[in-house]
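Participant: I have a structure I would like to understand better, so I am pasting it below and will then ask my questions one at a time.
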Amino acid sequence: MDMANNLDLYQLRAFHALGTTGNFTRAARKLNLTQSAISHAVAKLEAGAGALLVDRRNREPRLTEEGRHLFRACEEVFATLEAAAEGLGLATAGGRLRLGATVEFGSSILMRHMGPFLAGHPDLDLDFTLAHDLLTPLLRDDLDIAIDCREHLLPDLQKVPWFIETYVVAASPAFLAAGGIASPRDLSARPVLSLDKPGAWWHRFLLALPEEGRPEFHRIIEVNHIRAMINAAVEGMGVLLAPTYSVLGELERGALQAVLPGIRPREDRFFIYQKKRRAALARHRLLTDYLRTLTPPEF
Numbered sequence: 001m002d003m004a005n006n007l008d009l010y011q012l013r014a015f016h017a018l019g020t021t022g023n024f025t026r027a028a029r030k031l032n033l034t035q036s037a038i039s040h041a042v043a044k045l046e047a048g049a050g051a052l053l054v055d056r057r058n059r060e061p062r063l064t065e066e067g068r069h070l071f072r073a074c075e076e077v078f079a080t081l082e083a084a085a086e087g088l089g090l091a092t093a094g095g096r097l098r099l100g101a102t103v104e105f106g107s108s109i110l111m112r113h114m115g116p117f118l119a120g121h122p123d124l125d126l127d128f129t130l131a132h133d134l135l136t137p138l139l140r141d142d143l144d145i146a147i148d149c150r151e152h153l154l155p156d157l158q159k160v161p162w163f164i165e166t167y168v169v170a171a172s173p174a175f176l177a178a179g180g181i182a183s184p185r186d187l188s189a190r191p192v193l194s195l196d197k198p199g200a201w202w203h204r205f206l207l208a209l210p211e212e213g214r215p216e217f218h219r220i221i222e223v224n225h226i227r228a229m230i231n232a233a234v235e236g237m238g239v240l241l242a243p244t245y246s247v248l249g250e251l252e253r254g255a256l257q258a259v260l261p262g263i264r265p266r267e268d269r270f271f272i273y274q275k276k277r278r279a280a281l282a283r284h285r286l287l288t289d290y291l292r293t294l295t296p297p298e299f
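Going by UniProt numbering, the first residue of the sequence shown is number 1, and it counts up by one from there.
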């Protein structure tokens, strides 16, 4: 496909935005254009290229093989251009950055430590998104950097190991007064709180036990948010498994008590993710380096 003489930068940006976001509406929002403008730009690019770049037969447009080839080239070119602008002094470490983090970590830990960074870089426009799913917006360029405890093994992502996340099993004093928990099997007869109804949330606890010593949960109360699950445990609704950092206050106040402290659930690790092609940009380096210097006492 010989199309080098027919490439238009405006059309390429529209096409790249479509490939990144996955539909015309989000692409238009990303570039502050109308959906019709994106559609026309992509159609003109296809006409100039003499190739179908986008399959529009489904509800969500999909890139064709030729489209995927061009999209990968766009990713490299636009990242290279931005890095070149920095090298020529046409861009600075300022600009906009969108940082994503898991909900509980972001609200409980991250926000406590970002003030000094913002104060030290007043020219940087930093926004935060707290969500359970961080990979999708990162791949769509709705986020620039994401802090996630899920492991994502994708060739286009840079993955920087960060904190180790430990877990604790806990319950309220009133709950434990109604019936003690001396061994893991005692959990079979007590309600447990979980982010999901099947109880997959508890897998890290079960994996720390020999198979013959694992409980069979007969009453699982689904609560789809960590903070709400903690509050439910404080109110005596069930036994909780939660990241240790998220319940330090409740444990110190006595609102919750550790259960089965001799058992150490499997740990998670937080990672800092960003697209490799953008990791060398000055504002990305500034934020990544700052995050890696943090040593929150909660960890």
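Positions of the beta carbon are idealized from the N, C-alpha and C atoms, including for glycine.
1) Short of 6 Å in beta carbon distance, which residues of its chain neighbour Val169, apart from the five on each side in sequence? Order them along the chain.
2) Within 10 angstroms of the Cβ of Met1, are there 16 or more other Cβ atoms? Answer buried if so, exposed if not.
3) Which residue spans inside the UniProt domain "HTH lysR-type" (7-64) form an unbroken alpha helix (DSSP H) run of at least 4?
4) Round the Cβ separation of Leu287 and Ile164 to the nearest angstrom and send it over; I've been treating them as touching at under 8 Å.
5) Tell me whether Gly254 is buried or exposed, calling it buried when 16 or more other Cβ atoms sit within 10 Å of its Cβ.
6) Please classify Thr21 as buried or exposed, where buried requires at least 16 neighbouring CB atoms within 10 angstroms.
7) Check whether the Cβ atoms of Thr129 and Gly100 lie closer than 7 Å to each other.
8) Spell out the partners DSSP gives Ile145 in its beta bridges.
9) Just grab the DSSP bridge partners of Asp127 for me.
10) Which ranges would you report for the alpha helix (DSSP H) in the region 166-238 if only whole runs of at least 4 residues count?
11) Where does Ala177 land, buried or exposed, given buried means 16+ other C-beta within 10 angstroms?
12) Could you say which of Arg264, Ser246 and Pro297 lies nearest to Thr102 if we only look at CA atoms?
13) Go through its chain and collect everything with a Cβ distance to Gly238's Cβ below 6 Å, but skip five positions before and after it.
14) Could you spell out where the beta strand (DSSP E) holding Ala242 opens and where it closes?
15) When burial is assigned at 16 or more other CB atoms within 10 Å of the CB, is Ala119 buried or exposed?
16) On the CB-based measure, 16 or more other CB atoms within 10 Å of its CB, does Met111 come out buried or exposed?
17) Would you report the Cα separation of Leu63 and Gly19, rounded to the nearest angstrom?
18) As a quick exercise: from Ala282, Arg277 and Asp289, pick the residue whose alpha carbon is nearest that of Phe78.
19) Residues in its own chain within less than 8 Å of His218 by CB, not counting five upstream and five downstream?
20) How should Ala280 be labelled, buried or exposed, when 16 other C-beta atoms within 10 angstroms of its C-beta is the threshold for buried?
21) Could you spell out where the alpha helix (DSSP H) holding Thr136 opens and where it closes?
22) Under DSSP, the alpha helix (DSSP H) around Phe117 begins and ends at which residues?
23) For residue 386, which three-state DSSP category applies?
Facilitator: Taking the structure as given:
1) Leu241, Val259 and Leu260
2) Per-residue confidence for Met1 stands at a pLDDT of 46, beneath the threshold of 50, marking its modelled position as unreliable; the derived number appears in the next sentence. Met1 is exposed by the Cβ-count criterion.
3) 9-21, 24-31 and 35-49
4) So it is not a contact: roughly 21 Å between Cβ atoms.
5) exposed
6) buried
7) yes
8) Leu99 and Gln274
9) Arg98
10) 173-177, 203-206 and 226-234
11) exposed
12) Ser246
13) Pro191, Val192, Leu193 and Ile221
14) Leu240 to Pro243
15) exposed
16) exposed
17) 7 Å
18) Arg277
19) Ser188 and Ala189
20) exposed
21) Leu135 to Leu139
22) Gly115 to Gly120
23) Not covered by the structure: residue 386. The range shown for the chain is 1 to 299.
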